[in-house]
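**Student:**
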Amino acid sequence: MTRERLYLFDTTLRDGAQTNGVDFTLADKLAIVGMLDELGIDYVEGGYPGANQTDTELFGEKRKLHTTFTAFGMTRRPGRSASNDPGLAMLLEAEADAICFVAKSWDYHVKVALETTPEENIASIRDSVRAAKSRGREVLLDCEHFFDGYKANPAFALACARAAYEEGARWVVLCDTNGGTLPHEVERIVGEVVKVIPGDHVGIHAHNDTEQAVANSLAAVRAGARQIQGTLNGLGERCGNANLVSIIPTLKLKPDYADAFEIGVSDAALQRLAQVSRALDERLNRAPNRHAPYVGESAFATKAGIHASAILKDPTTYEHVAPERVGNKRKVLVSEQAGKSNVLAELERIGIKADKDDPRVTRLLEIVKEREAIGYAYEAADASFELLARRTLGAVPDYFDVTQFDVTVEQRYNAVGERVTVAMAVVKVKIGDQSTISAAEGNGPVNALDQALRKDLGKYQKYIDSLSLSDFRVRILNSGTEAVTRVLIESEDDNGDRWTTVGVSSNIIDASFQALMDSIVFKLVKSGAPV
Ligand SMILES: [Zn+2]
Numbered sequence: 010m011t012r013e014r015l016y017l018f019d020t021t022l023r024d025g026a027q028t029n030g031v032d033f034t035l036a037d038k039l040a041i042v043g044m045l046d047e048l049g050i051d052y053v054e055g056g057y058p059g060a061n062q063t064d065t066e067l068f069g070e071k072r073k074l075h076t077t078f079t080a081f082g083m084t085r086r087p088g089r090s091a092s093n094d095p096g097l098a099m100l101l102e103a104e105a106d107a108i109c110f111v112a113k114s115w116d117y118h119v120k121v122a123l124e125t126t127p128e129e130n131i132a133s134i135r136d137s138v139r140a141a142k143s144r145g146r147e148v149l150l151d152c153e154h155f156f157d158g159y160k161a162n163p164a165f166a167l168a169c170a171r172a173a174y175e176e177g178a179r180w181v182v183l184c185d186t187n188g189g190t191l192p193h194e195v196e197r198i199v200g201e202v203v204k205v206i207p208g209d210h211v212g213i214h215a216h217n218d219t220e221q222a223v224a225n226s227l228a229a230v231r232a233g234a235r236q237i238q239g240t241l242n243g244l245g246e247r248c249g250n251a252n253l254v255s256i257i258p259t260l261k262l263k264p265d266y267a268d269a270f271e272i273g274v275s276d277a278a279l280q281r282l283a284q285v286s287r288a289l290d291e292r293l294n295r296a297p298n299r300h301a302p303y304v305g306e307s308a309f310a311t312k313a314g315i316h317a318s319a320i321l322k323d324p325t326t327y328e329h330v331a332p333e334r335v336g337n338k339r340k341v342l343v344s345e346q347a348g349k350s351n352v353l354a355e356l357e358r359i360g361i362k363a364d365k366d367d368p369r370v371t372r373l374l375e376i377v378k379e380r381e382a383i384g385y386a387y388e389a390a391d392a393s394f395e396l397l398a399r400r401t402l403g404a405v406p407d408y409f410d411v412t413q414f415d416v417t418v419e420q421r422y423n424a425v426g427e428r429v430t431v432a433m434a435v436v437k438v439k440i441g442d443q444s445t446i447s448a449a450e451g452n453g454p455v456n457a458l459d460q461a462l463r464k465d466l467g468k469y470q471k472y473i474d475s476l477s478l479s480d481f482r483v484r485i486l487n488s489g490t491e492a493v494t495r496v497l498i499e500s501e502d503d504n505g506d507r508w509t510t511v512g513v514s515s516n517i518i519d520a521s522f523q524a525l526m527d528s529i530v531f532k533l534v535k536s537g538a539p540v
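Residue numbers (the working numbering): 10 to 540.
Here it is in structure tokens:
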């Protein structure tokens with residue numbers, strides 16, 4: 010049975026760059042283009058040449074890629090000729106394989122926003138597509154507000170789309186710009202469009218304002234569209250764009266799609282999907298969404314004891330797909346409600362051999378329960394759990410000992426008379442027979458403590474050089490009569506590995522210290538540092 014080809018178009022670097030707080034540098038953009046290219050995405054939209062310096066530079070030279078590298082821009086302005094429009098000229102000059110024009114397809118917007126006539130809007134589409142074609146570019150047309158436009162005036166919306174197709178645009182992309190269209194509407198309207206324009210020239214560009222961008226993309230495919238536009242991790246303004254990281258595995262692993270369609274992402278590339286998703290968050294300096302479908306840390310995590318024992322016997326009992334297919338891991342959470350089976354499953358996953366009748370396993374479970382009762386959260390702190398397990402069952406070497414630390418916070422006037430708060434930490438560390446004292450300043454007490462602790466660990470320094478803290482979360486818990494502080498620290502190293510550690514105390518510095526210590530010791534264990 011031959012499968013039909015479905016094309017993926019990524020707009021992380023253009024539409025995704027509209028996200029609040031996202032600002033890609035040229036280096037970011039080049040790295041992300043490389044990642045998408047390796048993943049097997051058919052089209053990568055890099056940006057809007059002429060709109061800013063970064064995008065102009067990005068398209069300033071030819072990039073060696075497998076993907077169809079695409080520049081985005083507007084059709085010629087109303088009332089101008091294609092040869093006398095600086096914006097269009099910029100776009101035609103760009104070193105891109107394809108040009109994706111955006112044009113209005115809602116008559117109301119043509120009148121109110123563009124202040125021109127329907128005829129001129131269509132003429133602008135025709136002229137722009139023709140100009141790009143004559144420069145040898147593949148052409149796409151994003152029909153802005155297509156679904157709202159179609160509901161208001163189907164004949165005009167279709168006329169815009171058809172004009173581009175007739176002039177030789179490879180793709181006419183139907184955009185749900187406001188993101189309010191529902192799947193059944195998308196399916197019906199795309200069904201109407203493909204009667205006029207062949208489906209293998211029709212694309213879908215969905216926004217997530219009703220949290221159905223993925224569903225809308227799949228609805229469009231069911232109705233006949235053969236290109237899906239979206240972004241990594243659903244990045245995009247407001248509620249985001251269609252999330253390619255959810256769409257790709259659905260197309261590859263769900264038989265209804267996998268049997269009917271073929272995409273450019275190979276099985277091997279799919280196994281790197283979780284890594285690609287996390288690498289984007291890394292660039293954005295964001296903590297990954299734990300609950301992201303397929304790739305989130307919790308996507309294959311199970312908590313209750315009865316589920317965990319079933320999962321050990323047969324993983325398919327509680328998993329809709331195998332986590333390793335998308336580069337993710339199964340995780341059995343160790344928690345207050347945990348039974349021995351959770352603990353055993355988690356030990357197996359982290360590579361510790363233990364017998365279910367081993368009294369140390371029972372002891373470990375008791376310790377977990379005792380500590381969770383006073384505020385520790387091991388299901389969120391995998392690395393602290395692993396250390397606790399290794400300590401209880403075997404041995405974690407005493408690499409070093411912090412014999413004393415001292416943290417001060419001082420508020421004073423600086424040399425130019427501004428009031429500043431300065432934190433300083435002094436740490437005494439004993440490694441073997443040697444003692445060292447390190448001091449460091451920080452922007453806060455925990456930061457100062459972290460800096461001082463990691464300043465001089467003697468022979469272990471080389472193992473922790475690449476360690477950095479990527480997230481720090483504090484929660485005040487009310488357990489019994491006194492409030493305690495729980496600190497969760499997420500760390501990472503230059504292998505791209507991430508781990509979370511926990512500390513609990515009535516004192517926030519002490520809680521942070523515990524979590525910092527666990528993070529460093531975990532890194533040493535992980536690196537196989539000799540004692
Ligand atoms: Zn958009």
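Here a beta-carbon is modelled for each residue, glycine too, at the ideal position from N, C-alpha and C.
Examine ligand 1 and report whether any of its heavy atoms sits within less than 6 Å of the Cβ of Asp24.
**Tutor:** yes
**Student:** Could you tell me whether the region 328-339 touches the region 514-534, using the rule of 3 or more Cβ pairs below 8 Å?
**Tutor:** Because the criterion of three Cβ pairs below 8 Å is not met, the region 328-339 and the region 514-534 do not touch.
**Student:** From Gln413 to Val534, what does the alpha carbon distance come to, in whole angstroms?
**Tutor:** CA-to-CA, the gap between Gln413 and Val534 works out to about 23 Å.
**Student:** In this structure, does DSSP put Phe68 in helix, strand or coil?
**Tutor:** coil
**Student:** Could you tell me whether the Cβ atoms of Arg85 and Asp116 are closer together than 7 Å?
**Tutor:** no
**Student:** By alpha-carbon positions, which one of Leu466, Ala524, Pro539, Glu13 ends up nearest to Gly273?
**Tutor:** Glu13
**Student:** Could you have a look at Lys365 and say whether DSSP puts it in helix, strand or coil?
**Tutor:** Per DSSP, reduced to three states, the secondary structure at Lys365 is coil, with no helix or strand assignment.
**Student:** Mind checking who Ala107 pairs with in its DSSP beta bridge?
**Tutor:** Thr79, Glu147
**Student:** Starting from Ala492, trace the beta strand (DSSP E) in both directions and tell me its first and last residue.
**Tutor:** 491-501
**Student:** Starting from Phe18, follow the alpha helix (DSSP H) in both directions and report where the run begins and ends.
**Tutor:** Careful: Phe18 lies outside any alpha helix (DSSP H), inside the beta strand (DSSP E) at 16-19.
**Student:** Pull up the distance between the alpha-carbon of Val205 and that of Gly233, whole angstroms please.
**Tutor:** 12 Å
**Student:** Could you tell me whether the region 163-176 touches the region 101-118, using the rule of 3 or more Cβ pairs below 8 Å?
**Tutor:** yes
**Student:** From Arg428 to Ile498, what distance separates their C-alpha atoms?
**Tutor:** 30 Å
**Student:** Roughly how many angstroms lie between the CA atoms of Ala267 and Glu102, to the nearest whole one?
**Tutor:** 39 Å
**Student:** How many Å lie between Arg23 and Phe81 at the Cα?
**Tutor:** 8 Å
**Student:** State yes or no: is the C-beta of Val540 within less than 7 Å of the C-beta of Val513?
**Tutor:** no
**Student:** Take Glu291 as the anchor and find which of Thr240, Gly69, Asp502 has the nearest alpha-carbon.
**Tutor:** Asp502
**Student:** Quick one: what's got a C-beta closer than 6 Å to Gly360's C-beta in the same chain, skipping five residues either side?
**Tutor:** Excluding sequence positions up to five before and after Gly360, its CB lies less than 6 Å from no other CB in the same chain.
**Student:** Is Leu476 helix, strand or coil by DSSP?
**Tutor:** coil
**Student:** Could you please give the first and the last residue of the uninterrupted beta strand (DSSP E) stretch that includes Glu419?
**Tutor:** 410-422
**Student:** Exposed or buried, which one is Glu201 when buried takes at least 16 other CB atoms within 10 Å?
**Tutor:** exposed
**Student:** Do you know offhand how far Glu128's Cα is from Pro192's?
**Tutor:** 31 Å
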